[in-house]
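**Student:** Residue numbers (our numbering): 43 to 530. I'd like to ask some things about the structure below.
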Ligand SMILES: [Zn+2]
């Protein structure tokens, strides 16, 4: 194991990473105790520090980052992860990087790639984080894991807890999609739902107005009940380590560093993790270039984008964020904002906010043009490219990777309600009504191939019907000649 310390990103204090527990000075919080009280949950983030000289000396980096060398899961990069134990694994990572010519035309770009994190075991990038956290929980001897989540992280942690034989308790907003709730339940996790959005859950748990909040609840969960506490994005520094493998895989798939990486950003941990991955490859001499990052948030629920614009190093709280379809990232506060803001600035990146109409448009476009169904949060990346092309902030020929963080199957009900593309049956055909079936197929053909002229054989319409063409006209003068001329 080459991870050596946990280092506070504010004061630089270092903490040990023992094999069978956490540094006792951390007092079950996994945040720097010197800094955390300065500003609740905003200061005190820890970062895993490795001995990169030792890695360069002992790890065959050329092989590790060679596309021809199969890695199968993100644990192919175990030497670059802070884990001693055998990983808790469900096949996370090694997700596809799609090329996409048709959506390129729509966005007026020529080199766009889609890193599809929906291909992870529970359908989101959170599996990379949960795999690391559940493994670390086993290392420290915990009996359970817990987290606060908008839904994806909770469903994912529930799965990995189940795989590891750990109990799981999650806290989510009651507005989380039914699909996410179902995942949590099927994996036998216990769920406490709280009215509101993610921050409302955070505040209830961490910012008790009677001032008995923080330590009492954390102690109750972690010490009294022996849950491995703080598997939350932003609070648990091991999560980001899972995220950084996305960067390794992007490089391995492209065999070069893209110009831009576009990331939907809620807490900021995924963006910070992806940047760490690119930085590590650069610092280890695997690559010579670094990408620029694009942070995408929801308009009106965009504390990092606002902080970036105003040159602040912590998120700028938004009091009334919209009820956005991109429920995974809409935020009042972003608990890993500082790491994300540093990454954005170091990469010379951009922060942009998009609205629901743009998100829905690109979610439908991506599904219809490329066969990739993503949850609304992921579609924000394409909406951002659309915006940034309009202002020429990115060039047509730039090489761009969009990180599609989750599958559309995570929010089908939400999509059905808000999208224009609701699937309705053309008709409800009665049992044995062959003529109606043929008529309906002709209707579809007319809709999908308007110029198609194919006569429908009279036998297919039943004994009393006169022959018709597929577009509804008489077949007397029609021929099959048009069949090769249909337009798309
Ligand atoms: Zn500190």
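Built from N, CA and C at the ideal position, the CB exists for glycine as well.
#1: Flag this pair as yes or no: are the beta carbons of residue 157 and residue 446 separated by less than 9 Å?
#2: What do you reckon, is the C-beta of residue 55 under 8 Å from a heavy atom of ligand 1?
#3: Identify whether residue 57 lies in helix, strand or coil by the three-state DSSP scheme.
#4: Assess contact between the segment 404-416 and the segment 437-451, defined as three or more Cβ pairs (one per stretch) separated by less than 8 Å. Is contact present?
#5: In three-state DSSP terms, what is residue 481?
#6: Tell me which residue opens and which closes the alpha helix (DSSP H) that residue 290 is part of.
#7: How is the alpha helix (DSSP H) around residue 345 delimited, first residue to last?
#8: What did DSSP end up calling residue 123 once you bin it into helix, strand or coil?
#9: For the pair the segment 199-216 and the segment 227-235, tell me if three or more CB-CB distances fall below 8 Å.
#10: With DSSP as the reference, label residue 338 as helix, strand or coil.
#11: Using the Cβ count rule (16 or more neighbours within 10 Å means buried), how would you classify residue 469?
#12: Does DSSP put residue 367 in a helix, a strand or coil?
#13: Let me confirm a value: residue 109 is counted as buried when at least 16 other C-beta atoms fall within 10 Å, else exposed. Which label applies?
#14: Return helix, strand or coil for residue 93, following the three-state DSSP convention.
#15: Once DSSP output is grouped into helix, strand and coil, what is the label at residue 186?
#16: In terms of residue numbering, what span does the beta strand (DSSP E) encompassing residue 235 cover?
#17: Just curious, the beta strand (DSSP E) that residue 401 is in, first and last residue?
#18: Could you pull the start and end residues of the alpha helix (DSSP H) that residue 320 belongs to?
#19: Taking residue 115 and residue 134 to be in contact with their CB atoms under 8 Å, please state how far apart those CB atoms are, rounded to whole angstroms.
#20: Would you check whether ligand 1 has a heavy atom nearer than 8 Å to the C-beta of residue 52?
#21: Spatial neighbours of residue 307 within its chain, please: CB distance less than 7 Å, with the 5 preceding and 5 following residues excluded, ordered by chain position.
#22: If you count every other CB in all the chains shown that lies within 10 Å of the CB of residue 44, and 16 or more means buried, which is it?
#23: Using only the alpha-carbon positions, how far apart do residue 411 and residue 143 sit?
#24: Report all residues from its chain with a CB closer than 7 Å to the CB of residue 163; omit the five preceding and five following residues, and keep chain order.
#25: Under three-state DSSP, which class holds residue 48?
#26: With DSSP as the reference, label residue 141 as helix, strand or coil.
#27: With a threshold of 8 Å, establish whether the CB of residue 86 neighbours any heavy atom of ligand 1.
#28: Between the C-alpha atoms of residue 104 and residue 330, what's the straight-line distance to the nearest angstrom?
#29: Counting C-beta neighbours from all protein chains within 10 Å, is the total for residue 53 16 or more, i.e. buried, or is it exposed?
#30: By the DSSP assignment, the beta strand (DSSP E) with residue 441 in it spans what residues?
#31: Around the Cβ of residue 375, are there at least 16 other Cβ atoms within 10 angstroms (buried) or fewer (exposed)?
#32: If you reduce the DSSP assignment to three classes, tell me which class residue 421 lands in.
#33: By the three-class DSSP mapping on this structure, what secondary structure does residue 214 have?
#34: So the candidates are 107, 77 and 75; which of them puts its Cα closest to the Cα of residue 324?
#35: Could you say which of 64, 413, 198 and 140 lies nearest to residue 442 if we only look at CA atoms?
#36: Closer than 8 Å: is that where the CB of residue 12 sits relative to any heavy atom of ligand 1?
**Tutor:** Per the coordinate set shown:
#1: yes
#2: yes
#3: Strand, per DSSP.
#4: Yes, the segment 404-416 touches the segment 437-451.
#5: helix
#6: 279-296
#7: Per DSSP, the unbroken alpha helix (DSSP H) holding residue 345 starts and ends at 345-351.
#8: coil
#9: yes
#10: strand
#11: exposed
#12: coil
#13: exposed
#14: coil
#15: strand
#16: 232-236
#17: Per DSSP, residue 401 belongs to no beta strand (DSSP E); it is in the alpha helix (DSSP H), 398-412.
#18: 311-325
#19: Confirmed, Cβ separation roughly 6 Å.
#20: Yes, ligand 1 has a heavy atom inside 8 Å of this Cβ.
#21: 313, 337, 338, 339, 346, 371 and 382
#22: buried
#23: 9 Å
#24: 132, 133, 134, 169 and 201
#25: strand
#26: strand
#27: Yes, since a heavy atom of ligand 1 falls inside the 8 Å radius drawn around the Cβ of residue 86.
#28: The straight-line gap from Cα to Cα measures roughly 14 Å.
#29: exposed
#30: From DSSP, the beta strand (DSSP E) with residue 441 extends over 441-446.
#31: buried
#32: helix
#33: strand
#34: Considering only alpha carbons, the answer is 107.
#35: 140
#36: Nothing about residue 12 can be reported from this structure: the residues present for the chain run from 43 to 530 only.
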